[in-house]
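So the structure is just underneath, and the comments pick up after that.
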Amino acid sequence: MTPEEIIAVLKNPSHRGDLRYLTLFLIAGKYDVSGLTALAKQEGVASQLGYLSEVAAIASERRGLCSKKLYELSRDLYTANGNWQFLDPAIPVFARRIISSGPKTDLNKKWRIWDTLGPDDIGDWISLYHIKNEHGSHQREIPQSSGYSIGY
Amino acid sequence: MAHIKEKYLNHQDILSVIRKIDRNLEGYQRKFRLYCIGGTYLAFSGIDESSKDIDFILSHEDFRALSGIIAEIELKDKIRIDLFPDGEMPNFKLPNYDGHSSRVLSLDHLNVYKIDMVDFVLIKAIAGRVQDYKDIEKLVKDKSLMHKEKLIERFNELEIAKNKEDDIKRKFWAFIDEFYR
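Which chain is which? The protein sequence lines are S and B, in order. Each residue of the first sequence is one higher than the last, beginning at 445 in our numbering. Each residue of the second sequence is one higher than the last, beginning at 331 in our numbering.
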């Protein structure tokens, strides 16, 4: 994905899965960090991308993958005192009210982003898709789920 | 990275897995029942939503017979199939999951059902993630057909884990307040 494609997905994800895919791409894909940072700031989506990159960094760290580049990306994107925004612009109106008035995680507060996507969700997908990056890999064949996943 | 999108399961993929389970049940003299929830439910509702896994509720008796077969398919096809015996979810139990279900597929050894839409919405409402709310919006086109009283009645039937009671109640009542506002 080019920086332009990444920003386009952030601004208008046609499917909720696009945001998960983008987060996994940040972990495992190849992209130009400085070009992406500059474009995200210019297009007004620095907080959204920063949130996703920190979610990706924490999930990677927990799964034994390299997180350095992701933490760098999130650090470069951070600006204090931004306005609260929704990560997903297509969130239903009733859900906007629930999410914005519900409890917030430290990541939500730091980035001023309303969303429920967190490192646990992304960790689950890292397992499911055997995601690897340049310095680490996740070796389990079938991921553990919250239910009775009985495949191993 | 392309393999990620290729591994999303669509309706056809889910059907093919169910047929595989059915073929593996040859020799059994009775029919097994699988009740779709989550993305599997949406796929059988004609909603074009890809899923990362396949989720079924089933009876304990059917679980005992099917678990080995399903484990083999999971390993061989590198997919995830989550089974919830007797409606036991991680934080609550959904009793009477079969009471209002409708059959969506009948094979030689398997009948596949969708749980009642009220139960589907209830499960999504108390999960309370953005994706869950988007799924509800896709499914419930006419709010007047999703009776608030029924949802509350079904919620009151849930058996909720003690340590999750506050969180689940908060999510449910926030949903009721905002969805019907």
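Backbone N, C-alpha and C fix where the C-beta goes; we use that ideal spot for every residue, glycine too.
Closest in alpha carbon position to residue 380/B, among 338/B, 459/B, 364/B and 471/B, is 338/B. Contact between the segment 357 to 366 of chain B and the segment 399 to 406 of chain B is absent, with fewer than three C-beta pairs closer than 8 Å. When DSSP reads this structure, residue 366/B sits in a beta bridge with 386/B and 444/B. Residue-level contact check: residue 528/S does not touch chain B, since none of the beta carbons of chain B fall below 8 Å from its beta carbon. By the C-beta criterion, the segment 499 to 516 of chain S is judged not to be in contact with the segment 427 to 438 of chain B, since fewer than 3 inter-stretch pairs fall below 8 Å. Closest in C-alpha terms to residue 492/B, from the list 472/B, 479/B and 422/B, comes 422/B. Residue state for residue 576/S is assigned as strand, using DSSP reduced to three classes. Bridge pairing for residue 432/B: 444/B [DSSP]. In the three-state scheme derived from DSSP, where H, G and I count as helix and E and B as strand, residue 438/B is classed as coil. Pairing residue 387/B with residue 417/B gives a Cβ-Cβ distance under 8 Å. At least one CB atom of chain S sits nearer than 8 Å to the CB of residue 459/B. By the neighbour-count criterion, in which a residue is buried when 16 or more other Cβ atoms sit within 10 angstroms of its Cβ, residue 477/B is exposed.
In the three-state reduction of the DSSP assignment, residue 532/S falls in the coil class.
Contact between residue 384/B and residue 440/B does not hold, since the beta-carbon distance rounds to 13 Å and is not under 8 Å. With distances taken between CA atoms, residue 438/B lies nearest to 349/B out of 377/B, 342/B and 349/B.
For a cut-off of 8 Å, the C-beta gap from residue 454/S to residue 517/S is around 13 Å, too long to register as a contact. Rounded to whole angstroms, the Cβ separation of residue 490/B and residue 482/B is 14 Å, and the two are not in contact under 8 Å. Counting along the chain, residue 550/S sits inside the alpha helix (DSSP H) bounded by residues 550 to 555.
Counting the other CB atoms within 10 Å of its CB gives residue 569/S a total of 16 or more, which places it among the buried residues. At least one CB atom of chain S sits nearer than 8 Å to the CB of residue 382/B. Spanning the alpha carbons of residue 487/B and residue 412/B requires a straight line of approximately 23 Å.
Assignment of residue 474/B by DSSP, reduced to helix, strand and coil, places it in the helix class. Counting along the chain, the unbroken beta strand (DSSP E) around residue 413/B starts and ends at 411 to 415. Burial check for residue 467/S: the Cβ neighbour count within 10 Å reaches 16 or more, so the residue is buried.
Taken atom to atom, the span from the alpha-carbon of residue 565/S to that of residue 483/S is near 27 Å. Within the segment 446 to 491 of chain S, the alpha helix (DSSP H) runs of at least 4 residues that lie entirely inside it are, in chain order, 447 to 455, 460 to 472 and 477 to 486. For the segment 445 to 476 of chain S, the beta-carbon criterion of a distance under 7 Å to any beta-carbon of chain B is satisfied by 460, 461, 465, 468, 469, 472 and 473. In the DSSP assignment, residue 521/S falls within the unbroken alpha helix (DSSP H) covering 512 to 521. Ranking 466/B, 425/B, 447/B and 427/B by CA distance to the CA of residue 508/B puts 466/B first. Following the DSSP letters along the chain, one finds residue 346/B inside the alpha helix (DSSP H) bounded by residues 341 to 353.
Assigned with DSSP and collapsed to three states, residue 356/B falls in coil, not helix or strand. DSSP places residue 380/B in the coil class of the three-state scheme, outside both helix and strand.
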